[in-house]
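Numbering (UniProt numbering), first residue to last: 1 to 322.
Glycine is no exception: its CB is placed at the ideal position from the N, C-alpha and C atoms.
Predicted, not measured: the structure shown is a model, and the values here were computed from it.
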Amino acid sequence: MPQDVRAGGERVTARRRALTVTLTLELVLVALGCGLAWQSETGGGRRPTTATNLVDMNLVPPGPAAPGAATGTYTWDCGRNENGHRNTANIVMAPGFPGQPHHVHDYVGNLSTAVGSTPQTLAAALSTCRNGDLSTYFWPVLRTTGHTGHDGPIQVPVEVTLTFSGNPRGTVVPMPQQLAGTVGDAVAITNGGRNVAATWTCSSTAERRTTEYPRCPAGDRVQRMYDFPSCWDGLRTDSESHRAHLVFPSPDGSCPRNTFPVPRLRLTLGYDIPPAAAFRIDAFDGQRNSPLTDHAFFVNLMPEPLMATVVDCLNNGRTCQD
């Protein structure tokens with residue numbers, strides 16, 4: 001066979017092999033892309049969650065024990081939004097924007113929190129908190145519903161408990177005015193679940209917690225818990241991510257390097273939901289009303305003398321209530 005023909009045949013064969021390898025790589029990448037997209041959409045491979053997928057809390061194992069060192073606590077009463085202060089604004093994540101109509105927030109604390117809120121308007125407002133705390137605390141509403149849609153009746157919490165705790169590794173420093181706190185992720189499904197912090201339980205099983213909607217026995221309250229981050233960078237009251245300036249401690253309570261422990265807020269909501277009722281939280285499009293997307297926010301506007309009282313209570317290991 002002439003040398004030029006043989007060389008030409010070898011070049012054709014090489015091109016075919018290269019094309020085969022390229023097509024194989026493309027198919028692998030497509031498959032990986034589909035898998036990653038599916039994982040992102042379902043929260044890392046988690047099956048889609050609906051309001052009817054209720055978890056029996058008696059089957060959920062107790063959570064890990066809290067750090068052993070004793071700390072003080074400060075609990076105060078800001079009502080339970082009996083006055084119906086609700087809107088679609090989010091002054092932490094999207095100040096100045098009205099928000100989507102099917103993502104409504106409940107509020108306690110500052111009565112003026114709305115789309116157009118500014119530090120000045122918030123500081124001049126009244127509050128539902130009996131101790132004079134002007135901070136705003138908010139979370140997505142919970143609805144009972146037996147059908148698809150966003151228009152189920154909003155359930156007013158029968159209890160809202162706000163508690164500050166100290167740090168088991170040392171003393172805490174005061175929160176600065178305007179410090180913004182974020183816990184959970186409203187778009188956890190499409191974010192792949194990176195910032196999920198949803199905590200659901202029943203009033204008789206507080207030591208057993210789940211990220212799913214719970215099925216509670218008759219007479220029990222459905223509870224939502226929000227444990228906010230409590231390690232402050234000492235510089236900013238907010239950040240571009242709305243998280244980097246205030247981060248979570250390690251399980252033993254230690255704060256990361258170059259951060260300082262501040263009072264740790266736990267917000268607990270309780271609802272009287274009939275055992276057979278379906279319920280879900282308001283959520284953005286694409287999140288399928290998943291319980292994983294539960295979240296909450298605060299903006300600290302507690303007067304400085306009151307914050308000093310809180311810090312003194314926590315650092316001296318007392319149990320205080322206002």
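- In the structure shown, VAL160 falls within a strand segment according to DSSP collapsed to helix, strand and coil.
- The residue among MET302, ARG194, ASP312 and GLY63 with its C-alpha nearest the C-alpha of CYS129 is MET302.
- By alpha-carbon distance to LEU246, the top candidate from ASP252, ASP282, PRO274 and PRO261 is PRO261.
- Within the same chain, LEU246, VAL247 and PHE248 come within 6 Å of PRO229 by CB-CB distance, once the 5 residues on both sides are set aside.
- In this structure, the straight-line span from the alpha carbon of PHE279 to that of TYR213 is close to 8 Å.
- THR171 is not a Cβ neighbour of ILE273, given a cutoff of 8 Å.
- Bounds of the beta strand (DSSP E) holding ALA180 are 180 to 184.
- When DSSP reads this structure, ARG266 sits in a beta bridge with THR163 and ASP227.
- Cβ-Cβ distances below 8 Å link GLN178 to PRO119, THR237, ASP238, VAL299, ASN300 and LEU301 in the same chain, with the five nearest sequence neighbours on each side left out; the list follows chain order.
- Going by beta carbons, ALA89 and LEU111 fall outside the 8 Å limit.
- Following the DSSP letters along the chain, one finds GLN120 inside the alpha helix (DSSP H) bounded by residues 119 to 123.
- For the pair ASP282 and MET57, the Cα-to-Cα distance works out to about 22 Å.
- Judged by DSSP secondary structure, PRO305 falls within the alpha helix (DSSP H) whose first and last residues are 304 to 315.
- Shown here, PRO261 sits in a strand according to DSSP, grouped into three states.
- The alpha-carbon separation between LEU134 and PHE164 amounts to approximately 15 Å.
- Within the stretch 92 to 142, the complete beta strand (DSSP E) segments at least 3 residues long are 105 to 109 and 136 to 140, listed from N- to C-terminus.
- Straight-line measurement puts the Cα of PRO157 at about 14 Å from the Cα of GLY109.
- Contact between THR210 and TRP200 holds: CB atoms are separated by about 5 Å, below the 8 Å threshold.
- Secondary structure note for CYS202: its beta strand (DSSP E) is the uninterrupted segment 200 to 202.
- DSSP lists no beta-bridge partner residue for TYR213.
- It is roughly 14 Å from the alpha-carbon of CYS313 to the alpha-carbon of LEU265.
- In the structure shown, THR75 falls within a strand segment according to DSSP collapsed to helix, strand and coil.
- Sorting HIS85, GLY146 and TRP139 by C-alpha distance to the C-alpha of ALA276 places GLY146 at the top.
- Three or more Cβ pairs closer than 8 Å define a contact, and the stretch 249 to 258 falls short of that threshold against the stretch 93 to 101.
- Assigned with DSSP and collapsed to three states, PRO62 falls in strand.
- DSSP places THR145 outside both helix and strand once states are collapsed to three, so it counts as coil.
- For VAL141, the closest of ASN167, ARG80 and THR309 by C-alpha to C-alpha distance is ARG80.
- DSSP places LEU301 outside both helix and strand once states are collapsed to three, so it counts as coil.
- VAL172 is bridged by DSSP to nothing; it lacks a bridge partner.
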